[in-house]
Every structure is written in structure tokens, then in C-alpha cells.
Amino acid sequence: AQSVAQPEDQVNVAEGNPLTVKCTYSVSGNPYLFWYVQYPNRGLQFLLKYITGDNLVKGSYGFEAEFNKSQTSFHLKKPSALVSDSALYFCAVRDIGTGRRALTFGSGTRLQVQP
Amino acid sequence: GAGVSQSPSNKVTEKGKDVELRCDPISGHTALYWYRQSLGQGLEFLIYFQGNSAPDKSGLPSDRFSAERTGGSVSTLTIQRTQQEDSAVYLCASSLVGSGGENTEAFFGQGTRLTVV
Chain A
41 AQSVAQPEDQ VNVAEGNPLT VKCTYSVSGN PYLFWYVQYP NRGLQFLLKY ITGDNLVKGS
101 YGFEAEFNKS QTSFHLKKPS ALVSDSALYF CAVRDIGTGR RALTFGSGTR LQVQP
Chain B
999 GAGVSQSPSN KVTEKGKDVE LRCDPISGHT ALYWYRQSLG QGLEFLIYFQ GNSAPDKSGL
1059 PSDRFSAERT GGSVSTLTIQ RTQQEDSAVY LCASSLVGSG GENTEAFFGQ GTRLTVV
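This is the structure in C-alpha cells:
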């Protein structure tokens, strides 16, 4: 079975400071990993994905994530947070080995960036 | 259209009534997914379509829930005899299928907020 854990319900960071939103996953095979962002009363927007290749993945709005196979993690990072980054962030995984197509999502982490 | 379109955006229904939720995916996307998001919760997978067939229905919570997809495009999620616990935002997403059979990233619609009173 595939699963995702986002251990922090909320992350608070001051504007201009670096931010990290944590994600760990569990799969039986190799993972496809994704980050999505949800702004209030909006649908989910794709941020970035890891399929294969470089462990450091760069995405939209200056976000990046690092795939760490030994730690089964895919933490989302940004060097300098903006107030407009405040939103709900979801990590998602698909286990390539199972052939299952659907993504399994984490419970979400609310990012609050203070001015 | 340019994105995934869902209708209605909001639906209030009485307990026991049937409802139909519609999803119009991005043109050319053969994969389509339905998810449910309860207030303050993560996303719960419901069903996956590849073309018109649904190889993964494992997330449908009961036999009151069903979905179909016609013409490899529009999908309808039907909930019969709605219950208050069905209240949630129902999200639809679509994606391409790559040359190796892998699904690319999914693009989500704005969702339908269902309230059962």
C-alpha cells in the first residue's frame, strides 16, 4: 500500500525566511512524488513532481523539493518565503510498482507566512 | 476548455435525495479521477477512469456512490439517497498518460461543494 505522512498540521515562518514543509512516504516499489498547493476556496494547483533523475526538483513560484530515498522523504522548500505563499500544501505519492494510477495524498500542511 | 471544469460549484440537497456532479476534463486527457475533501481534511480517493473504463473503484465509500464516463470525456459522479456525512467538496482531476503508460501530473477542477441538510 502507498501512504504519505505530513507530520506538521501548520508551519509558521516570517516573510523572507526559508521555509520547509515536510513529507515522508511509504511505497513497496519506486515512487512518483508530487506537491500541490490549495489557496482558499480554490482547487489544487500542481507545484512540482519527482519522477526520476535529479533528486532536487524545481517547480513553480520558486519552490523546490528534495527526494531522499534513504529517508523516504520529499520535503518542500523555498529559500525566501512570501506572505502570498500562505496556503494549504499537499504531498502525494504513487507507487510505480503496484500499477495503481491514483495518487495518495497526505493530510496537508497549512503554511502561514507572517509579514 | 483550458482547465478542468466542474458543475455545479455549490449544491445544497436534502437528506435522501440523489445528486449528480459533473466533471469536464482537459481536452485530450484520458485519465480522470474523483476525490473527496471533507472540511479541514486531506483528499480521499474515490474512483479512477482510463478512457471510459474504471479500473480502480476502490475508494467509493458505499454502493450509493457511482460514476460513469462517456466518450472518454465528461464524467458524472452520482450519489443516491444522500446522507449528511456525504457533505464535502468533490474534486475532479485529469491527466495525460505518457508514452510509457505512466500518468503525468493531475490537474484539478475547482470542486463541487456538496451540503446535505
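From first to last, the protein sequence lines are chains A and B.
Letter by letter, the first sequence follows residues 41 to 155 of the working numbering.
Letter by letter, the second sequence follows residues 999 to 1115 of the working numbering.
Ideal placement from N, C-alpha and C gives every residue a C-beta, glycine not left out.
Using a C-beta cutoff of 8 angstroms, does residue i count as contacting chain A?
i         : result
B:ASP1084 : no
B:LEU1041 : yes
B:ALA1000 : no
Which bits of chain B does residue i rub up against, with CB to CB less than 9 angstroms?
i        : result
A:LYS89  : THR1102 and GLU1103
A:PHE130 : GLY1040 and LEU1041
A:PRO74  : A small fix is needed here, since residue 74 of chain A is Phe in this sequence, not Pro. By Cβ distance, chain B contributes GLU1103 and ALA1104.
So which residues on chain A does residue i lean against when the C-beta distance must stay under 8 angstroms?
i         : result
B:LEU1089 : GLY83 and LEU84
B:ALA1029 : ARG141
Anything in chain A within Cβ reach of residue i, meaning under 9 angstroms, just list it in chain order.
i         : result
B:ASP1054 : ARG140, ARG141 and ALA142
B:LEU1058 : Correct list: empty, because the minimum Cβ distance to chain A is about 12 angstroms.
Counting only Cβ pairs nearer than 7 angstroms, list the residues of chain B close to residue i.
i        : result
A:GLY146 : GLY1040
A:PHE107 : Under the 7 angstroms cutoff, chain B gives no residues; its nearest Cβ is about 15 angstroms from A:PHE107.
Counting only Cβ pairs nearer than 7 angstroms, list the residues of chain A close to residue i.
i         : result
B:GLN1108 : ARG82 and GLY83
Pull up the DSSP beta-bridge partners for residue i, would you.
i         : result
A:HIS115  : A:GLU106
B:ARG1020 : B:SER1005 and B:THR1074
A:PRO71   : A:ASP135
Does the pairing of the segment 135-142 of chain A with the segment 108-125 of chain A give three or more beta-carbon distances under 8 angstroms?
-> no
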